[in-house]
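Mapping to my numbering: the sequence shown position 24 is 4, numbers consecutive. What follows is one structure encoded as structure tokens, with my remarks underneath.
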Amino acid sequence: MMKITGLLRLLWLVLIALLVTGCGEGAVIFAPTPLPPDLSPLRYEHPSGVFTVSVPRNWSVYTQNTPNLAAATFAPPDSGEPLLTFAVINLGQPVDAAQIGELTQQYQTLHRPDLKRYTPQDRQAMGDGSWRLTGYRTLPGGGQQPVNTFVEFSATFVAVTDVVMPRDGALQADLQNAINTFRLNPAATLQISELSTLSFVRRSPLEVQNIATWQNTAGVFFVTGEVANNSETPVFDVPVQVQLLNADGTPAADAADLAMGYGIPAGGFAPFSLRFGGGQPAGSTRYTITLGTPVALETPRLFYGAETLTWTDDSEFADDGALIIDGTVTNTSTLNLHDPMGIVTVFDAQQQVIAAWFSPLAAPVLAPGAVLDFEIRIPEVGGDPVNYILDIQALADE
């Protein structure tokens, strides 16, 4: 009896201990395993109805939708590089077999959007009547990017699929699946246009173009170029970062700044100039340019340019080599504009940006009808200038 009683007492103490432990703050609660994110393909239909395609649902899309062009570009998450572009135009009449090869060659040699940076390697007629074009795209700052292009003719439509070939096997599979789901809608309508319309396809809302690198007499290294705003709304304070890379791809130096001006209007451009005061590092062989996300303002900045300001200008070089641009600007609006600014982009014969500068103009306020004399001094230019663009912007009260 004594042994049984002791055993019961022991079991009772264990039960109390378990109850106390279970009621304490340290109780372990086993939550259900969260479901993985839904990465199944999502059917995308272009706003024009011209085509559909299925892509991973977490990919971003940039759409161009004009009366004569239907295009969409897709990029994986956390990637600044679009991988897949579809573009469709309407030639207005069916194309026979003889014309298909000729039009494909014209696209490849005359009308590619990346024509200046593209090197063709091979082209192959496919069994379904389309053509497969292989080549590579030279990246800003050096390096090459393999690109596959498919040109398809269906009734009066021409469809071009542009594929950047990644090294990642999973991305390759996603791209292949997307390409296989691309479908044209023969009942949709597009205005008739020329093959050259395809040269206006853009791969992202913001793009860098006309880049040049140069060094001044003091050894300062510059990377200069333009940011193009392909979107339908103005953007503000676009960050630009340049990173100089060694031959093995490791960073050697970096610099960052904003595109110049109060904002970049829809369809407009803004120059940038990134400066490396210590010069180009000895081991650096190429560079990368990254555009950050434009600042999202709670209240859009009201700035005005050529729609309310008119100007005349002339240019000459000073004895010290500086480029001087002077002239007059007139406020043709009924608004009081303030803090006018001049932005200058200088180009060489290859239309590369070899200098970029901005300067506040003398008057803090431009009343309606006011005329202001100005002078802008660009201290140095990285080459032989052929032409320049002067843009004048001013702010208005919100």
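All residues carry an ideal CB built from backbone N, CA and C; glycine is no exception. Since this is a predicted model, take the numbers as computed values, not measurements.
Sub-8 Å separation of residue i and residue j beta-carbons
| i | j | result |
| --- | --- | --- |
| Met240 | Ile323 | yes |
| Phe31 | Asn128 | no |
| Ile334 | Val309 | no |
| Arg97 | Thr84 | no |
| Thr141 | Phe130 | yes |
| His186 | Thr136 | Correcting the residue identity first, residue 186 is Leu in this sequence and not His. No; because the gap between Cβ atoms is not below 8 Å, this pair is not in contact. |
| Ala246 | Thr213 | yes |
| Val33 | Tyr24 | yes |
| Phe133 | Ile69 | no |
| Val220 | Ile244 | no |
| Val200 | Arg255 | yes |
| Pro21 | Asn157 | yes |
| Gln124 | Val144 | no |
| Ala105 | Leu178 | no |
| Pro391 | Ala235 | The structure shown has nothing for residue 391, since the chain only spans -19 to 378. |
Reduced DSSP secondary structure (H/G/I, E/B, other) of residue i
| i | result |
| --- | --- |
| Pro288 | Sequence inspection shows Thr at residue 288; the Pro mentioned does not correspond to that position. Coil at Thr288, not helix or strand. |
| Phe216 | coil |
| Phe180 | helix |
| His26 | coil |
| Tyr87 | helix |
| Arg97 | helix |
| Glu61 | coil |
| Asn128 | strand |
| Asn367 | strand |
| Gly81 | helix |
| Asp299 | coil |
| Ala376 | strand |
| Asp328 | coil |
| Asp148 | coil |
| Thr161 | helix |
| Ala153 | helix |
| Leu175 | helix |
| Gly467 | For residue 467 there is no data in the structure shown, the boundaries of the chain being -19 and 378. |
| Tyr242 | coil |
| Met321 | strand |
| Gln260 | coil |
| Trp39 | coil |
| Arg92 | coil |
| Ser313 | coil |
Buried versus exposed call for residue i [16 or more other C-beta atoms within 10 Å across all chains shown]
| i | result |
| --- | --- |
| Ile269 | buried |
| Glu296 | exposed |
| Ala336 | buried |
| Asn190 | buried |
| Ile358 | buried |
| Thr65 | buried |
| Leu(-10) | Here the model assigns Leu(-10) a pLDDT of 41, short of 50, so the residue's position is not dependable, and the following value carries that caveat. The residue is exposed, with fewer than 16 neighbouring Cβ atoms inside 10 Å. |
| Arg37 | exposed |
| Gly263 | exposed |
| Asp364 | exposed |
| Thr1 | Low local confidence applies: a pLDDT of 39 at Thr1 is under 50, so the model's placement there is unreliable, with the coordinate-based value given in what follows. By the neighbour-count rule (16 or more Cβ atoms within 10 Å), Thr1 is not buried but exposed. |
| Thr99 | exposed |
| Arg183 | buried |
| Ser176 | exposed |
| Asp371 | buried |
| Asn367 | exposed |
| Thr53 | buried |
| Gln373 | buried |
| Asp108 | exposed |
| Gln195 | exposed |
| Asp154 | buried |
| Ala302 | exposed |
| Phe10 | For Phe10, the predicted structure reports a pLDDT of 41, less than 50, and the residue's modelled location is therefore unreliable. A value from the coordinates is still provided. By the 10 Å Cβ count, Phe10 comes out exposed. |
| Gly205 | buried |
Cβ shell of residue i (< 6 Å), same chain only, five flanking positions each side left out
| i | result |
| --- | --- |
| Asp319 | Leu375 |
| Thr193 | Val203 |
| Ile369 | Thr325 |
| Pro57 | Asn38 |
| Gln171 | Pro47 and Asn48 |
Same chain, Cβ closer than 7 Å to residue i, five either side skipped, listed in chain order
| i | result |
| --- | --- |
| Pro146 | Leu63 and Gln152 |
| Ala55 | Trp39, Ser40, Glu61, Pro62 and Leu63 |
| Ala298 | Ile304 |
| Asp217 | Leu238, Pro274 and Val275 |
| Gly29 | Asn165 and Ala168 |
| Ala342 | Leu352 and Phe354 |
Cutoff 8 Å; reference residue i; Cβ partners in own chain excluding five residues on either side
| i | result |
| --- | --- |
| Asn316 | Val345, Leu346, Ala347, Pro348, Ala376 and Asp377 |
| Thr314 | Pro348 |
| Asp328 | Ala192, Ile334, Gly363, Asp364, Pro365 and Val366 |
is_contact[residue i, chain D] using C-beta, thresh 8 Å
| i | result |
| --- | --- |
| Leu178 | Protein chains in the displayed structure number just one, and chain D is not present. |
Discussion item. With three or more beta-carbon pairs closer than 8 Å as the criterion, would you say the stretch 91 to 110 touches the stretch 232 to 252?
Written reply: No: fewer than three Cβ pairs fall under 8 Å.
Worksheet item: Counting pairs of beta carbons, one from the stretch 209 to 224 and one from the stretch 336 to 353, are three or more of them closer than 8 Å?
Response: With the cut-off at 8 Å, the stretch 209 to 224 and the stretch 336 to 353 do not touch.
Worksheet item: Are three or more beta carbon pairs between the stretch 268 to 282 and the stretch 290 to 298 nearer than 8 Å?
Response: No contact exists between the stretch 268 to 282 and the stretch 290 to 298.
Practice prompt. Tell me, please, whether the stretch 41 to 55 touches the stretch 119 to 133 by the rule of three or more beta-carbon pairs shorter than 8 Å.
Written response: Segments in contact, no.
Discussion item. Measuring CB atoms only, is the stretch 274 to 291 touching the stretch 249 to 257, in the sense that at least three cross pairs come out at less than 8 Å?
Written reply: Touching, no, given that fewer than three Cβ pairs across the two stretches are closer than 8 Å.
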